[in-house]
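Student:
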Amino acid sequence: MRTDPEGHGPVRYGPPLPDDGLPVLPELTAVLAAAAARPRAEPVGGGTQLLEAACDYAARRGLPAEPDHVAAAPGAPTLLLALTAALGGDVLVPRPCAAWWAPYARLLGRPVFHVATPAECGGVPDPYALLETVRRVRAEGGDPRLLVLSVADDPTATVAPPEVLHETVEAAAGEGLHLVSDETWRDTVHAPHETVWLSPAEMLPDRVSVVTDLAGSLLPAGWPAAFARFPANGDGDGDGDDLHARVLDILTALGARIAAPVAAAAAHALTEPEPVTAHRAAVGHLHARVAAAAHAVVIGAGALSRPPRAGRHLYVDLGPLRPALTARGVADAQDLEDFLTARLGMPAPGGHRFGDDLGALRVRLSTGPLLGGSDEERAECLTSPAPLELPHVQRALITLESVFDDLRDDAQRWEPPR
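Okay, here's the thing in structure tokens:
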């Protein structure tokens, strides 16, 4: 993932969303194949069937919507680009944040300001740090208008508690910011019956747009589809009807249409028939178990990591193992990325990919690569009553444990005597 030294920019080397690593649900494949002969293109912003399915999906999550306040596009990045262009001004994001958030603002020439997160979670800025950042940016002549956040977060795999989210949303509202809530990972919460989920759009309905990439829980990443839900009411500052219209203009200029077969599969998935929901639950349960096992390994080796609560990944701080890593020539997050990617045989993007400090020894580890090296092995994980006991999963976890335990042992040897 290292940036090419011949002058290419870093965006093309950014890490993708954590893949589930599993075969596509046959029901979705059949829907896509049946629509493959359709000659007409999907309208910009999505056709009637897709938009109505998206509205129903949002309404089942307490976010009622009408089709004229929803837009679909081939992936959440396209929607965030359009929203950023439509709203104007400077952009605020938490540190760390999803790797794809900041590049779209920079592509438009918009400054991006990272804000520290609270101790409890990632994905949501600390409210006091947010207020201080907004005031500093304005004092320096900036124009902060947009805050992007995620309750269920990539890269930290945390879920923001409602009380933390409430304070941050109140602070953002007081400063007149528009919020984009990335809810891609909402349906991947590991313990849905034990986790209290609150969307910023429930708290601040006139100033929050919600973006959901279906690659989070409904479609494979190779079938790009996402939708945005805009505020129903306008407040005269780029929200509601006006924002929806401007986003559609930008999507039209980009030619950002979802492929018709993918749109058919997306509409079907968004209706959440039983095979789709059963598959999603099984995938979520599998990745929760593997993530918990991986978390136990890295914590046992002395690294730091918040317990993963959502998604297919965990975020690990190897700062306590720095002496051992320094002895191996690892000085920063890029070195750590190269070191772990080579030794684990799987991508281990450094924290700098997510806006974290280059000098901090942090990485995101995905659980998908731990499920096996072939479609057959990965499919077996989904049907096995004890996936952690499968030989290929055990081998992957043993490799992870071996690499981290070696670092722990070396770090202990390098510790100065007390």
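Counting from 15, one number per residue, gives the positions in the sequence shown under this note's numbering. A virtual CB, placed ideally from N, CA and C, is assigned to each residue, including glycine. Given the structure is predicted, the values throughout are model-derived calculations rather than measurements.
#1: For HIS301, which of helix, strand or coil comes out of DSSP?
#2: What did DSSP end up calling HIS207 once you bin it into helix, strand or coil?
#3: Within the segment 84-168, note down every full alpha helix (DSSP H) run reaching 4 residues or more, in order along the chain.
#4: Once DSSP output is grouped into helix, strand and coil, what is the label at PHE244?
#5: Look at the alpha carbon of ARG342 and the alpha carbon of LEU354, and state the distance between them as a whole number of angstroms.
#6: Starting from ASP196, trace the alpha helix (DSSP H) in both directions and tell me its first and last residue.
#7: Can you tell me the Cβ-Cβ gap for LEU93 and PRO275, rounded? I've got them flagged as a contact below 8 Å.
#8: The beta strand (DSSP E) with VAL225 in it runs from where to where?
#9: Could you round the C-beta distance between ARG285 and ALA67 to whole angstroms and report it? I think they count as a contact, below 8 Å.
#10: Would you list the one or two residues that DSSP bridges to ALA324?
#11: With H, G and I counted as helix, E and B as strand and the rest as coil, what does DSSP make of LEU372?
#12: Please state whether the Cβ-Cβ distance between PRO108 and VAL138 is less than 8 Å.
#13: With the cut-off set at 8 Å, would you say GLY365 and ALA338 are in Cβ contact?
#14: Measure the alpha-carbon distance for LEU335 versus ALA302 and round it to whole angstroms.
#15: Take GLU189 and list the residues in its own chain whose beta-carbon comes closer than 6 Å to its own, dropping the five residues that flank it on each side.
#16: Would THR62 be called buried (16 or more neighbouring beta carbons within 10 Å of its own) or exposed?
#17: Can you tell which of GLY325, GLY387, ALA130 and LEU218 has the C-alpha that lies nearest to the C-alpha of LEU300?
#18: Throw me the rounded Cβ distance for the LEU350 and VAL311 pair, which I believe falls under 8 Å.
#19: Just how far apart, CA to CA, sit THR202 and HIS327?
#20: Looking at C-beta atoms only, is the number of pairs between the segment 172-182 and the segment 204-214 that lie closer than 8 Å three or more?
#21: Less than 8 Å separating the beta-carbons of PRO245 and ASP220?
#22: So what's LEU385 in DSSP terms, helix, strand or just coil?
#23: Which same chain residues, not among the five before or five after VAL330, have their C-beta less than 8 Å away from its C-beta?
#24: By how many angstroms is the C-alpha of VAL304 removed from the C-alpha of GLU394?
#25: Where DSSP assigns a beta bridge to ASP331, which residues make up the other side?
#26: Out of LEU31, LEU39 and GLY28, state which residue places its alpha-carbon closest to the alpha-carbon of GLU288.
#27: Taking the alpha helix (DSSP H) that ILE264 falls in, what are its first and last residues?
#28: From ARG120 to VAL126, what distance separates their C-alpha atoms?
#29: Considering only residues of the same chain and omitting the five flanking positions on each side of TYR118, which have a CB-CB separation below 8 Å?
#30: Which residue wins for smallest C-alpha separation from LEU106, given the options ALA100, ARG75, TYR71 and LEU145?
#31: Is ILE264 near GLY60, with beta carbons less than 8 Å apart?
#32: Going by beta-carbon coordinates alone, are ASP227 and ALA242 separated by less than 8 Å?
#33: When you compare each of ASP370, LEU404 and LEU233 to GLY386 by their alpha carbons, which one comes out closest?
#34: From the DSSP output, which residues share a beta bridge with VAL173?
#35: Check the DSSP bridge columns for GLY364 and list the partner residues they point to.
#36: For VAL222 and SER195, which I take to be in contact (beta-carbon distance under 8 Å), what is that distance rounded to the nearest angstrom?
Tutor: Taking the geometry as given:
#1: Within the sequence shown, the letter at position 287 stands for residue 301. DSSP places HIS301 in helix when its eight states are reduced to three.
#2: The residue labelled residue 207 in the question sits at position 193 within the sequence shown. In the structure shown, HIS207 sits in coil (DSSP, three-state: anything other than H, G, I, E or B).
#3: 90-101, 115-121 and 141-153
#4: As a first step, residue 244 is located in the sequence shown; it is residue number 230 there, counting from the start. Look at PHE244 here: in three-state DSSP terms it is coil, with no helix or strand label.
#5: Within the sequence shown, numbered from 1, the residue matching residue 342 stands at position 328. Within the sequence shown, numbered from 1, the residue matching residue 354 stands at position 340. C-alpha separation (whole angstroms): 11 Å.
#6: Here the question's residue 196 lines up with position 182 in the sequence shown. Taken as a continuous stretch (DSSP letters only), ASP196 belongs to no alpha helix (DSSP H), being part of the beta strand (DSSP E) at 192-196.
#7: For this step, residue 93 is matched to residue 79 along the sequence shown. For this step, residue 275 is matched to residue 261 along the sequence shown. Not really, about 20 Å apart at Cβ, beyond 8 Å.
#8: The residue you call residue 225 lines up with position 211 of the sequence shown. First-last of the beta strand (DSSP E) with VAL225: 222-227.
#9: Stepping through the sequence shown from its first residue, residue 285 is reached at position 271. Stepping through the sequence shown from its first residue, residue 67 is reached at position 53. As written in the sequence, residue 285 is Thr, which differs from the Arg given in the question. Between ALA67 and THR285 the Cβ distance is about 5 Å, and since that is below 8 Å, they are a contact.
#10: What you label residue 324 is simply residue 310 of the sequence shown in a count that begins at 1. VAL203, per the DSSP bridge assignment.
#11: Within the sequence shown, the letter at position 358 stands for residue 372. Residue state, collapsed to three classes: coil.
#12: Here residue 108 refers to the residue found at position 94 of the sequence shown. Here residue 138 refers to the residue found at position 124 of the sequence shown. Closer than 8 Å, so yes.
#13: Looking up residue 365 in the sequence shown gives position 351. Looking up residue 338 in the sequence shown gives position 324. No. Outside cutoff.
#14: Position 321 of the sequence shown holds residue 335. Position 288 of the sequence shown holds residue 302. For LEU335 and ALA302, the distance between alpha carbons rounds to 26 Å.
#15: On the sequence shown, residue 189 is found 175 positions in, with the first residue counted as 1. VAL148.
#16: Here residue 62 is taken as the residue at index 48 of the sequence shown, counted from 1. THR62 is exposed by the Cβ-count criterion.
#17: The residue you call residue 300 lines up with position 286 of the sequence shown. With distances taken between Cα atoms, LEU300 lies closest to GLY325.
#18: Working through the sequence shown from its first residue, we reach residue 350 at position 336. Working through the sequence shown from its first residue, we reach residue 311 at position 297. Contact flag wrong, Cβ pair sits at about 17 Å.
#19: The residue you call residue 202 lines up with position 188 of the sequence shown. The residue you call residue 327 lines up with position 313 of the sequence shown. The C-alpha of HIS327 is placed about 11 Å away from the C-alpha of THR202.
#20: The answer is yes - the segment 204-214 touches the segment 172-182, with three or more Cβ pairs under 8 Å.
#21: Locating residue 245 in the sequence shown gives position 231, counting from the first residue. Locating residue 220 in the sequence shown gives position 206, counting from the first residue. Taking the C-beta atoms as reference points, ASP220 is found nearer than 8 Å to PRO245.
#22: Taking the first residue of the sequence shown as position 1, residue 385 is located at position 371. DSSP places LEU385 in helix when its eight states are reduced to three.
#23: The sequence position of residue 330 within the sequence shown is 316, counting from 1. In the same chain as VAL330, and ignoring 5 residues on each side of it, the C-beta atoms closer than 8 Å to its own belong to VAL312, ALA317, LEU318, SER319, ARG376, VAL377, ARG378 and LEU379, in chain order.
#24: Within the sequence shown, the letter at position 380 stands for residue 394. Within the sequence shown, the letter at position 290 stands for residue 304. Roughly 14 Å separates the two Cα atoms.
#25: Position 317 of the sequence shown holds residue 331. For ASP331, the pairing in a beta bridge is given by DSSP as LEU318 and ARG376.
#26: By 1-based counting over the sequence shown, the position of residue 288 is 274. Cα-wise, what sits closest to GLU288 is LEU39.
#27: For this step, residue 264 is matched to residue 250 along the sequence shown. Segment 254-268, the alpha helix (DSSP H) holding ILE264.
#28: Within the sequence shown, residue 120 is the residue found at index 106, counting from 1. Within the sequence shown, residue 126 is the residue found at index 112, counting from 1. Rounded to whole angstroms, ARG120 to VAL126 spans 7 Å at the Cα level.
#29: For this step, residue 118 is matched to residue 104 along the sequence shown. Cβ within range, chain order: PRO91, LEU94, LEU95 and THR98.
#30: Sequence index remark: in the sequence shown, residue 106 carries index 92 (1-based). Answer by Cα proximity: LEU145.
#31: Along the sequence shown, one-based indexing puts residue 264 at 250. Along the sequence shown, one-based indexing puts residue 60 at 46. Taking 8 Å as the Cβ cut-off, ILE264 and GLY60 do not qualify as a contacting pair.
#32: Taking the first residue of the sequence shown as 1, we reach residue 227 at position 213. Taking the first residue of the sequence shown as 1, we reach residue 242 at position 228. The answer is no: Cβ separation not under 8 Å.
#33: Taking the sequence shown and counting its residues from 1, the one referred to as residue 386 is at position 372. Ranking the options by Cα distance to GLY386, first place goes to LEU404.
#34: The residue given as residue 173 occupies position 159 in the sequence shown. VAL173 pairs with ALA166.
#35: In the sequence shown, counting from the first residue as 1, residue 364 sits at position 350. According to DSSP, GLY364 bridges with VAL377.
#36: To locate residue 222, count along the sequence shown from 1; it is residue 208. To locate residue 195, count along the sequence shown from 1; it is residue 181. Between SER195 and VAL222 the Cβ distance is about 6 Å, and since that is below 8 Å, they are a contact.
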